[in-house]
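A quick write-up on the structure given underneath.
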Amino acid sequence: MKHLLSASDLNYNSAIRVLDTARELSLVTDRPVKKLPTLRGRTVVNLFFEDSTRTRISFEAAAKRLSADVINFSAKGSSLSKGESLKDTALTLQAMGADAVVIRHGSSGAPHRLASAGWIDGSIINAGDGTHEHPTQALLDAYTLRDHLNGGVGDLAGKRIVIVGDVLHSRVARSNVILLATLGAQVTVVAPPTLVPVGIETWPCKVSYDLDAELDGADAVMMLRVQGERMIHSYFPTTREYSRRYGLNRQRFERISESGIVMHPGPMNRGMEITADVADAERSVIVDQVTNGVTVRMAVLYLLLGGFPDDSVDSAVESDQ
Ligand code: CP
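Given below as structure tokens:
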């Protein structure tokens with residue numbers, strides 16, 4: 147596998163491979179010196195056309211912990227403001243010898259264009275394209291779920307995961323449904339009818355419009371951000387009405403499984419899709435998701451640039467000890 151564009155690029159074995167590799171690499175993040183020489187001499191470009199905090203910083207940390215050279219490119223302050231095209235930007239990165247390009251773009255399909263056009267020889271990693279996909283978010287979510295619900299090993303067979311909120315605008319929801327189904331989880335998507343995308347019946351999940359009907363005994367509830375900046379129409383009467391019907395509050399939180407966890411990809415609208423007390427509750431793993439983002443992205447870079455080799459990552463970790 148050369149690129150990671152969609153969660154559907156990962157079959158069961160390759161998804162488990164990424165999660166197991168991330169688990170091995172997490173040993174590095176517990177060390178005083180959090181570095182491996184694995185990608186020394188390789189160049190990773192972070193190409194961000196849309197704002198990001200977690201994804202951009204964690205890809206940078208991941209590449210640096212593997213000793214890669216990192217070039218950070220953001221649309222603001224670049225020649226894009228002078229009208230430069232994606233093609234010419236890509237050719238510039240190719241001329242600089244990019245081995246991997248991590249791209250976030252407001253247009254769905256931009257990473258696929260970059261991968262198929264042949265402008266860049268290196269690996270393309272989708273860091274979020276429009277309302278389409280965010281595969282490394284799904285991987286770090288699966289890692290977090292496996293860590294908390296399954297002792298950090300195996301798959302998610304039989305686990306009941308409820309994904310709630312603005313599914314229409316969510317690349318996180320689509321990638322999670324695909325990957326969680328690949329790993330054997332039972333996924334239910336809950337949203338107001340206005341925030342359900344056309345074609346959701348083809349997704350490998352159950353769809354519900356009633357949050358209260360889906361919470362009892364759930365192993366995890368993943369809340370989605372209401373993406374006001376992408377909304378071109380009015381999708382619900384008021385934010386108060388949205389919170390009343392689809393927000394996760396303490397009362398609802400207490401109905402999930404006793405060992406169940408609360409997730410959110412961030413950034414959160416505290417007080418809208420999730421109350422502050424639930425976001426900060428003991429079984430909220432939102433901060434863990436961010437931490438796990440670094441090791442999962444290390445694993446993705448390691449495996450893509452190494453060509454998903456058969457030899458274990460153990461050897462890379464051990465040889466540096
Ligand atoms: N979850 C996520 O993609 O967050 P950022 O937009 O901050 O990268």
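Counting from 147, one number per residue, gives the positions in the sequence shown under the working numbering.
Ideal Cβ placement from N, Cα and C applies to all residues, glycine included.
Owing to the predicted nature of the structure, the values given are computational and were not obtained by experimental measurement.
- Within the same chain, and ignoring the five residues on either side of G412 in sequence, the residues whose Cβ sits closer than 6 Å to its Cβ are R200.
- For A168 against T441, the beta-carbon gap comes to about 5 Å, under 8 Å, which counts as contact.
- Scanning L357, S405, I378 and S172 for the CA closest to the CA of R390 turns up L357.
- At a Cβ-Cβ threshold of 8 Å, A303 and S269 do not count as neighbours.
- One alpha carbon belongs to L326, the other to E206, and they sit about 26 Å apart.
- Using a cutoff of 7 Å, the CB of Q283 counts as near ligand 1, since one of the ligand's heavy atoms is closer than that.
- Ranked by Cα distance from E196, the first of S254, A161, D234 and I407 is S254.
- Counting only heavy atoms of ligand 1, the residues whose C-beta sits closer than 7 Å to one of them are, along the chain, D197, S198, T199, R200, T201, R202, G274, H280, Q283, V318, P411, G412 and P413.
- Counting C-beta atoms within 10 angstroms of its own C-beta, G300 has fewer than 16 neighbours from the protein chains shown and is therefore classed as exposed.
- Closest by C-alpha distance to G439, out of A161, T290, V424 and V313, is T290.
- The C-beta distance from H280 to V318 rounds to 5 Å, short enough to fall under 8 Å.
- When DSSP states are grouped into helix, strand and coil, N272 belongs to the strand group.
- Within its own chain, the residues whose Cβ lies closer than 7 Å to the Cβ of A422, once the five positions on either side in sequence are excluded, are R416, listed in chain order.
- Following the DSSP letters along the chain, one finds M369 inside the beta strand (DSSP E) bounded by residues A366 to M369.
- Of the candidates A261, K181, V424 and S154, S154 places its Cα closest to the Cα of W349.
- N322 and A214 have their C-alpha atoms roughly 28 Å apart.
- In the three-state reduction of the DSSP assignment, E347 falls in the helix class, which pools H, G and I.
- Shown here for G243: same chain residues with a beta carbon closer than 8 Å to its own, the five before and five after excluded, namely T189 in chain order.
- With a cutoff of 8 Å on beta-carbon distance, Q373 and D312 are scored as near each other.
- Taking 8 Å as the cut-off, the beta carbon of A366 is found no closer than this to the beta carbon of I420.
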